[in-house]
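The sequence shown begins at -4 in the working numbering and counts up one residue at a time.
No residue lacks a Cβ here, since even glycine has one placed at the ideal position from N, Cα and C.
Encoded as structure tokens, the structure appears first; notes follow it.
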Amino acid sequence: MTAPNGRGLLHLAAAVDQRAAHDAPAHVELARLAERGGFDFVTLDDAFTRPGLDALAVLARVAPATTRVGLVPTVTTTHTEPFRVQAAVATLDWVSGGRAGWCIDVSTTEGEARLFGRRHAAPADALWREAGQVADAAARLWDSREDGAAVRDTATGRSTGRSTGRPTGRSAGRGRPHRVDFRGDTFAVRGPSTAPRPPQGHPVRVVDATDRHARATAARYADVALVQGATPAQVGAVRAQLHAAALAHGRDPDELRVLAALTVDLGDGERAAERGHGGGGPRQTAQGPLYRGGPVDLAELIAAWHGTGAADGFHLTPVEPGRDLERLVNGTVALLQHRGLFRTFYPGSTLREHLGLARPANRYAVTGGTS
């Protein structure tokens, strides 16, 4: 669909991080609120050295309590086993009915490396190259099982019918599972996957491309790239870089959604945005660009940025999750919907459908390849 400004409708996502929340209901409440506002997806950050719950496990709990909103946990590719990561993300896609994403991140510090004791911290460019290889290996493993394949329990030899979505170490019965033998710079994996092919084919891969080291990986493997910027020109410049790099990798740049990433503080209610936070753009802080003001001015800012073509949408991180997300839904989103810039209903049931992204074909079923 096209907005009145001649561009596609906005895409909106929100972070639901709550440092003090150590139970599922708090996250369920925020995810349901975001779903009521029609957000494409919510994100939940994670890191090895930060206290808190496991993001992927929390969103697996949120999945049955929601029906439409996408669920995107951060899962680092550093110090983790690629085979287990892809199976866990595939499982989230199954339990959510095709609404899973995966925010790919890396761990750069020596403190994080010491938690595992396998290797020392590596430079950011090497870690992001490894992250790209993990993303590539995951996609191959997701394709190692064909859509709708019957599953056969290798212990009993009994077929359980079509894929149930429960990864149990079974092998596919429709055709043969496709062998995957992938070698990266720091790891090697051999398939097929133990999990059935995810409902989306490939769960949506998200990369924060603000750091220049992450951009090559985002351009080649991401479905959604997040970019921090205090002006539309800054975000637009990175978007142009990402699209050019995607094209160089043989991708259609229109299949890469670029979202401007802002932290928002709506604590002043309807008060106009402070100087440096409103129409002139957010204020740059050590933590990234920050908007402070009311939901009306934020809607104007989002509409203005979107009108320039700088981004396909926005990823918003509330300073106070409960307060700010409610004001986003009841104020900013409602205004954007009234102006015809944001949808009033979900176009489908999967995250790919929300984002207008095609479901990837199985590379092995199409080409008959084995690696």
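- The DSSP assignment places 278 to 280, 283 to 287 and 308 to 313 as complete runs of the beta strand (DSSP E) inside the segment 272 to 338, in order along the chain (cut-off: 3 residues).
- Around the C-beta of G112, fewer than 16 other C-beta atoms lie within 10 Å, and the residue is accordingly described as exposed.
- Taking C-beta atoms as the reference points, L257 and Y286 count as a pair closer than 7 Å.
- Contact annotation, D218 with R358: C-beta distance approximately 16 Å; criterion of less than 8 Å not satisfied.
- Below 8 Å, enough C-beta pairs join the segment 4 to 23 and the segment 44 to 62 to call them touching: three or more.
- Less than 7 Å separates the beta-carbon of V129 from that of T72.
- Under DSSP, Q128 forms no beta bridge with any residue.
- For P227, the closest of V253, A243 and P(-1) by C-alpha to C-alpha distance is V253.
- Beta-carbon to beta-carbon, V70 and W97 are separated by about 6 Å, close enough to satisfy the 8 Å threshold.
- By the Cβ criterion, the segment 316 to 334 is not in contact with the segment 44 to 52, since fewer than three pairs of Cβ atoms, one from each stretch, lie closer than 8 Å.
- By the Cβ neighbour-count rule, P68 is buried, with 16 or more other Cβ atoms within 10 Å of its own.
- For D263, the three-state secondary structure derived from DSSP is coil.
- The residue from R246, A225 and T280 with its alpha-carbon nearest to that of F309 is A225.
- In the same chain as R322, and ignoring 5 residues on each side of it, the C-beta atoms closer than 7 Å to its own belong to L261 and P290, in chain order.
- Contact between A9 and L352 is absent: CB atoms are separated by about 19 Å, not below the 8 Å threshold.
- For L39, the closest of G33, R215 and V23 by C-alpha to C-alpha distance is V23.
- Going by beta carbons, A241 and V222 fall outside the 7 Å limit.
- DSSP places L7 outside any alpha helix (DSSP H); the residue lies instead in the beta strand (DSSP E), whose first and last residues are H6 to A10.
- Assigned with DSSP and collapsed to three states, D203 falls in strand.
- DSSP places G179 in the coil class of the three-state scheme, outside both helix and strand.
- Under the criterion of beta carbons closer than 8 Å, T345 and G3 do not qualify as touching, at roughly 18 Å.
- Your pair A214 and H173 does not check out as a contact, with CB atoms roughly 27 Å apart and the cut at 8 Å.
- For Q236, the enclosing alpha helix (DSSP H) starts and ends at P227 to A243.
- Beta-bridge partners of R185 (DSSP): D176.
- By the C-beta density criterion, P313 is buried, having at least 16 other C-beta atoms within 10 angstroms.
- When DSSP states are grouped into helix, strand and coil, A16 belongs to the coil group.
- Within the same chain, Cβ atoms closer than 6 Å to the Cβ of G231 are found at A305, the five residues on either side in sequence being excluded.
- In the structure shown, R45 falls within a coil segment according to DSSP collapsed to helix, strand and coil.
- In this structure, the beta-carbon distance from F78 to V233 does not fall below 7 Å.
- For the 7 Å CB-CB criterion, A95 and P198 form a contact.
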